[in-house]
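Protein chains in written order, with this note's numbering: chain W, 8 to 151; chain F, 999 to 1225; chain H, -9 to 86; chain D, 189 to 677. Each residue gets a CB set at the ideal place from its N, CA and C atoms; glycine is no exception. Quick caveat: nothing in here was measured; it's all calculated off a predicted structure. For reference, the structure is listed below as structure tokens.
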Amino acid sequence: MMIWDDIFLEVDFWINIVSIALIVIGIYGIVFSQHLLRMVFGLGLLEAGVNILLVKAGYQKEAIAPIVTQASDTMMSNILAATAQMVDPVPQAMVLTAIVIAAGVQALALSLVIRIYKKYGTLDSHVLFLAMERDRHLSLNQKD
Amino acid sequence: MQRWTTILFLTGLSIVLFAIITPLVLGQSPMLVGKLINASAVNDTGAANLVTAVVLAYRGLDTLGELAILFTAATAIGIILGTTDKTQTTSSPTAGFIVATAAKVLFPLLLVFALYIILHGHLTPGGGFQGGAVLAAAFFLLTLADSGNNIKHKVTQVIEALAGTAFIVLGLVSFALQGVFLQPWLDKGELGSLFSAGSLPLLYLALGLKVGAELANLLSSLANVEK
Amino acid sequence: MQLIGDIFFLSGTIFLFLGALGLIRMPDVYNRIQAGTKAVTLGSILTLMGIFFYFPQWWGHLCLIILFLLFTNPVSSSALARAFYRNGISVWTKTK
Amino acid sequence: MQDSLILLVVLPLLLAFLLPVIARYLGNLSGLTGSLLLLFNILLLANAWNSVGYSPKVILLGGFAAPLGIVFYIDKLNMLFAILTTIIALLLWPCRTHNTDVREYVLWLLLLAGCYGVILSGDLFNIYVFYELLAVASYGLVTLPATGASYIAGFRYLMISALGSAFALLGIALIYSFTGSVNIAHLAQIIPDHLHHIWGYSAALLLIIGFGVKAELFPVNFWVAEVYSHADKRVTALLAGVVSKIAVLIILRFIILLFPWQDIFNFLLLLGIIGVIVGEFAAFYAQDLLRLLAFSSIAQSGLVIIAFACATEAGIMAGIALAIHHLLLKPALFLLASHCDRSINDLAGLAKSSPWASALFVILALSLLGVPPLPGFWAKLLLLQSLMAEQYLLLLVLVLLATIVEAAYLFRLFMLFYQRQEMPEQKRITIQGQELYPVITLSGILLLGLFFLPLFMDSLREIAMQTSNIEAYINTVLGKVQHIGEGNI
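Here it is as structure tokens:
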């Protein structure tokens, strides 16, 4: 029982659970759903889960945010002592990049969804796939 | 039947992911590069915010690429949705009294806040991306409040082009001076004061304007899809 | 002191949770906006007050944030409701 | 001198940012600026080629030493791919004289900047960023025809590609959590020894699947046929020819430097052979010409992957030869086929209406198949030799079987072309116009290459030797500062 108590009170455990849940729900949304909007939302969840894992990689126990706050203290040795206790800034920068990329891709996906809905009046992927095949056959035979 | 295979697949996926991810104990990452950067960032760049030092100096090319991706997305959306440059001939409904009043009050506040976030990017949390998002929100609020007051596509286009060019030119100047692209230059100044960290605040200003114009463009082309 | 803060946190999170629940369970758009705005605003304010009991020196920031929340949340929800209404989404009338 | 190679990436971005504004003053000339830029890039590369010489070079971005900042790694393989990309992009450049949408040029420029970045970069996360840039630009370009079908194909492409990117990012997150670095040379010191267990394998799989989307690797390639048959012909040519080979190049770097484990090689061999077989059979049953070419492109990518997965110098050499051959040949085939975009049975008697074009098509397709005097034969021979040397006999048989299937559908096609039956008047197609120059240039390069075969083989061997030299990569990037903080793991 004690072991389980320890595990459930760990922050680490819950962060893992949340990120895995986001990733799995996202993959479910992309792979198994028939609705185009749900696919886009699934993509958003997936990216969020991966980003949590990435930013988690930079965390250090009992470390502080990577910002030098004592600005008046210009002694280089003091600054170095402060920065040695800071968390890793690199994953934070990478996650910032990844978030912006994900935002761009999702906006693009949404605009495609708008276009498809205007064209076909439905967002069911099976119906759309059939419509695409039909269009292809029409265009192949119509060229003559 | 299909439902059960789905559930089985997802359960298996979660177990596999759990097995992969669990050994990554929180707070014990080796931080090989992070330690080196923490030790030398203040000396190298003069920025109090080490994340800014990483974003703009150590990984500056990533930031340029990211900016380009946002620009690509905005351009592609412009093509896909076919931005109609007509100045709102259809009379869309006004936003109503509440939003119009709120926009009047909030717009200057948001503007100041955005500029604060951008200009203090090297000192406090925040920076070009976050400030740019707030900037875009401020201008989009105006559009929401008064649909006649559409975001001027041409103006944002010019800002976009100039800001992006400024970012690259700042990098190219250091290329011309020192032979290295995107190296921080200018005087590093006193750590923690507004005018410090050399060229980084300038880069962040260009970045913020670019992101703001980009997002405003994106929002306006999403909002102006012809009915 | 910190106990009072904890009580505020707890009540705040309860309201936030109820707001999220209402967003899923309410029958139509207008009810959802209602739940999403009112409960969430109160929940956030309570959480911020909880922070005040932990770090009293941050009262200035907290006051500003609370004012901002109080000002913007109703405006955004009214804009949303208005947009839905203008687009002809009808009000839920069934009463079980 | 080689420091100026950074301009390869920066100048297209600069021009892309500026073009929407300056196009108002340039008008129809704005398309020309891109061509001029590409010419300048060729000059830049030609200038740097000699200075790179025998030892690879490195560019430190921002002037920070290797594991801290981003580096560009420049050796002959990277330079070769950069040059080929530039040449093909120049040939395919959509320079129209009328009805110009400047945003099309912008997307092309951004796509090219992404290609250069991916080719040159020596930093895992930076590769990811530029790969995304390339991907987002290609989503925009694929939907350019603005038909409903192209939107749906583009959407599916975007979804698969974004799923792959998320996997790749997950792999990078895993690697960063275990090692604390994203510099490839630095990782090449750490990963092969210290991460040789289940987590190293999972990171490798995630990265390979993630970057395999563009490389048309087997389980994630079902977007290929839809996209290639619905997109603009120039975009198709670029995606099938250049972009897929660049993605294969990334995978090559990964398996040589980061994951040099036999299990990963075997896995890639499996994916490659399944890709070849599935691709050839799908091409056999394809109903129209563009789809046939798309599926054969999948099969060719599978061949390249098999060659690389042999992981010997001979294998790498064969893979590079196959990749270059396909990179030059597929754009020409797609451009030729773009006018015959209809079901295969309607192509009977094509040779009569356009004899030159169908003759060219036949020659190029024979080279694709690997018929003896043509360049494709030599590339395939290298592959078979390296498979022999590694004793992968079953694999050899499977590759030969796939080639027989390929021969079957290609010869069926040729028979149709040269049937005696007259083509109906209204169905007649002539292949001419703007597509002619790139097609003739590319086939000229291929056929002239035959005369310089020994020279070419020598330089290929040299490139393969340089590529498989891990020590040189690490020493070039990290300099004399060896083994930074390795004790922590």
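Simplified DSSP state of residue i, which is helix, strand or coil
i, result
"Asp18/H", "coil"
"Asp1042/F", "helix"
"Phe39/W", "helix"
"Glu409/D", "First, the residue type needs correcting, since residue 409/D is Asn and not Glu in the sequence shown. If DSSP states are grouped into helix, strand and coil, Asn409/D belongs with coil."
"Asp142/W", "helix"
"Met603/D", "helix"
"Met1029/F", "coil"
"Met93/W", "strand"
"Gln67/W", "strand"
"Asp476/D", "strand"
"Asn1047/F", "strand"
"Asp646/D", "helix"
"Ser309/D", "strand"
"Asp289/D", "coil"
"Asp(-4)/H", "helix"
"Asp1185/F", "coil"
"Leu195/D", "helix"
Extent of the continuous alpha helix (DSSP H) to which residue i belongs
i, result
"Tyr75/H", "Trp49 to Arg76"
"Ile532/D", "Premise fails: Ile532/D is in no alpha helix (DSSP H) and is neither H nor E."
"Ile247/D", "Per DSSP, Ile247/D belongs to no alpha helix (DSSP H); it is in the beta strand (DSSP E), Lys245 to Leu248."
"Tyr242/D", "Counting along the chain, Tyr242/D falls outside any alpha helix (DSSP H), and DSSP gives it neither H nor E."
"Tyr973/F", "The structure shown does not extend to residue 973/F, since chain F is modelled only from 999 through 1225, so no value can be given for it."
"Ile74/W", "No alpha helix (DSSP H) contains Ile74/W, which DSSP labels as neither H nor E."
"Thr629/D", "Leu624 to Gly637"
"Val30/H", "Val30 to Tyr44"
"Ala337/D", "Gly336 to Thr367"
"Val1209/F", "Leu1198 to Ala1221"
Endpoints, beta strand (DSSP E) assigned at residue i
i, result
"Phe260/D", "Val259 to Ile262"
Residue i at chain F interface by Cβ criterion, 8 Å
i, result
"Gly65/W", "yes"
"Phe313/D", "yes"
"Asn23/W", "yes"
"Tyr327/D", "yes"
"Val30/H", "no"
"Val198/D", "yes"
"Val665/D", "no"
"Ala69/H", "yes"
Min CB distance residue i to chain D below 8 Å
i, result
"Gly1119/F", "no"
"Glu1064/F", "yes"
"Asp1185/F", "no"
"Ile1013/F", "no"
"Val112/W", "yes"
"Leu130/W", "no"
"Arg1228/F", "Absent from the model: residue 1228/F. The displayed extent of chain F is 999 to 1225, so no value can be given."
"Gln1176/F", "yes"
Cβ of residue i within 8 Å of any chain W Cβ
i, result
"Leu346/D", "yes"
"Ala1215/F", "In the sequence as presented, Ala is not what sits at residue 1215/F; that position holds Asn. No, Asn1215/F lies away from the interface with chain W (no Cβ there is under 8 Å from its Cβ)."
"Thr1004/F", "yes"
CB contact below 8 Å: residue i versus chain H
i, result
"Ile1096/F", "yes"
"Ala1136/F", "no"
(request) Let me know the alpha helix (DSSP H) ranges lying completely inside the stretch 544 to 584 of chain D, each 4 residues or longer, listed in chain order. (result) 563 to 577
(message) Pairs of beta-carbons, one from the stretch 447 to 462 of chain D and one from the stretch 490 to 506 of chain D, closer than 8 Å: are there three or more?
(response) yes
(request) Kindly provide the ranges of any alpha helix (DSSP H) runs that are 4 or more residues long and lie completely inside the stretch 371 to 455 of chain D, ordered along the chain. (result) 372 to 382, 386 to 400, 412 to 418, 421 to 426 and 432 to 441
(message) Quick test of the definition: if touching needs 3 or more C-beta pairs under 8 Å, does the stretch 519 to 527 of chain D touch the stretch 541 to 557 of chain D?
(response) yes
(message) As an exercise, report each continuous alpha helix (DSSP H) stretch of at least 4 residues that is fully enclosed by the stretch 1111 to 1176 of chain F, in chain order.
(response) 1126 to 1143 and 1151 to 1176
(message) For the structure I just gave you, are there three or more beta carbon pairs, one from the stretch 527 to 547 of chain D and one from the stretch 503 to 513 of chain D, closer than 8 Å?
(response) no
(message) Taking contact to mean 3 or more Cβ pairs, one atom from each stretch, closer than 8 Å, check whether the stretch 383 to 402 of chain D and the stretch 239 to 249 of chain D are in contact.
(response) no
(message) So, does the stretch 106 to 122 of chain W touch the stretch 1063 to 1076 of chain F, judging by three or more C-beta pairs under 8 Å?
(response) yes
(request) Spell out a yes or no on whether the stretch 262 to 282 of chain D and the stretch 52 to 60 of chain H are touching, meaning 3 or more CB-CB pairs, one atom from each, closer than 8 Å. (result) no
(request) Count the CB pairs spanning the stretch 423 to 431 of chain D and the stretch 313 to 327 of chain D that are closer than 8 Å, and state whether there are at least three. (result) yes
(request) Pair every Cβ in the stretch 1128 to 1143 of chain F with every Cβ in the stretch 1174 to 1188 of chain F, then say whether three or more of these pairs are closer than 8 Å. (result) no
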